[in-house]
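Chemist:
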Amino acid sequence: MGVKRRSVDVRCIELERVTDVFRDRAKALVESDRFNNLVFVVIVASSIAIGLETYDLDEQGLSFLSGLDRVFMAVFVLEIGLRLYAMRLEFVKDPWCIFDFIVVGVALVPQAGVLAVFRVLRVLRAFRLVSRIPELKLVAESLIYSVRGLTAVAMLLTIVIYVFAVLSTVLFSGSGPEGKEYFGTLGRSLYSLFQVMTLESWSNGIVRVLMEREGWWVGVFFVVFIFMTTFTFLNMFVAIFTNTVVALESDSEDGMHTDVRRLMAKVDELHAEIIALRTGAAEHEEQ
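Structure below.
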């Protein structure tokens with residue numbers, strides 16, 4: 019029994035070693051530039067193919083694109099499988115890996131009956147380019163981390179627009195057909211002020227018409243509104259997003275410096291151990 023148990027233990031150890039070797043090779047593969055560049059090219063080609071399907075193609079062309087889509091899906095599934103095998107728990111901890119998994123998984127849903135709508139969602143594969151390009155990845159992460167600050171600014175902007183909408187409804191709803199059309203109700207006032215905030219035909223389309231009926235102060239009213247919303251809040255959005263980008267870049271650089279310090283410390287430890295072993299071996303030979 020003892021011999022058999024030892025034999026089983028030895029086989030398990032050997033199998034574990036072989037598995038570790040394969041996993042290390044798989045990890046080296048998925049982290050290599052060639053592999054990631056290949057996946058990048060396949061994602062771009064897949065996105066182009068999905069766009070070509072929107073054209074009025076004959077049956078032969080659609081059949082070719084359908085076959086090409088299967089090839090792309092096989093590559094994506096193989097890629098996700100390799101990453102799962104190589105990274106294990108690290109795969110689940112990485113939000114970008116989870117995103118890739120969901121995008122590929124949606125495309126694997128049977129495209130029949132009610133589920134045929136998921137076929138349109140294949141275009142989400144194009145977003146996988148974000149996780150492959152560091153600059154795009156930084157922008158996307160900055161946008162996510164900026165949500166809290168952007169939400170606060172958006173709430174304040176909503177309050178300002180609401181206040182001006184109430185004032186506009188009271189002041190301009192009775193100012194002729196144009197006033198009734200643009201500011202006859204609170205809902206119309208909100209939409210019209212949003213149009214003014216985007217600077218789309220605000221002067222000739224809305225303000226000048228009202229100025230002819232009510233006077234010059236109408237122009238002052240809307241200019242103040244534009245300064246408070248378009249210029250001020252737009253700059254606040256940009257400032258929050260820019261600060262987040264700078265902070266993430268700084269954190270990334272600090273993390274890289276920390277990793278380098280850890281590696282250097284490990285190298286120093288290994289160097290000290292090697293010297294100690296050599297010293298011990300030399301003393302042993304002298305004895």
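Residue numbers (the numbering used here): 19 to 305. Built from N, CA and C at the ideal position, the CB exists for glycine as well. Because the structure is a prediction, the values reported are computed rather than measured.
1) Excluding the 5 residues flanking F259 on each side, which residues of the same chain have their C-beta closer than 8 Å to its C-beta?
2) According to DSSP, is R43 part of a helix, a strand, or is it coil?
3) Alpha carbon to alpha carbon, what distance is there between E218 and E196?
4) Would the beta-carbon of R143 fall within 8 Å of that of I244?
5) In three-state DSSP terms, what is V171?
6) Assuming contact is defined by CB atoms lying nearer than 8 Å, are S191 and R231 in contact in what I supplied?
7) Any chance you could list the alpha helix (DSSP H) runs of at least 4 consecutive residues sitting entirely within the segment 82-155, in chain order?
8) Please identify the residue among L83, E97, Y180 and L80 whose C-alpha is closest to the C-alpha of K45.
9) Mind pulling the alpha helix (DSSP H) runs of 4 or more residues that sit fully within the segment 191-224?
10) Would the segment 248-264 count as touching the segment 166-181 if we require 3 or more Cβ pairs under 8 Å?
11) Please report how far the alpha carbon of L266 lies from the alpha carbon of V148, in whole angstroms.
12) Can you list, in chain order, the residues of its chain whose CB lies under 7 Å from that of S320, leaving out five sequence neighbours each side?
13) Quick one: measure Cβ to Cβ for V48 and A104, integer angstroms, because I've assumed they're closer than 8 Å.
14) For W234, name the three-state secondary structure that DSSP assigns.
15) Could you check what DSSP says for S50 in three-state terms: helix, strand or coil?
Modeler: Inspection of the coordinates gives the following:
1) S160, L161, S164 and L168
2) helix
3) 17 Å
4) no
5) helix
6) no
7) 107-111, 113-125 and 146-150
8) E97
9) 194-201 and 204-215
10) yes
11) 16 Å
12) Within the shown structure, residues of the chain are numbered from 19 to 305, placing residue 320 beyond reach of any answer.
13) 5 Å
14) coil
15) coil
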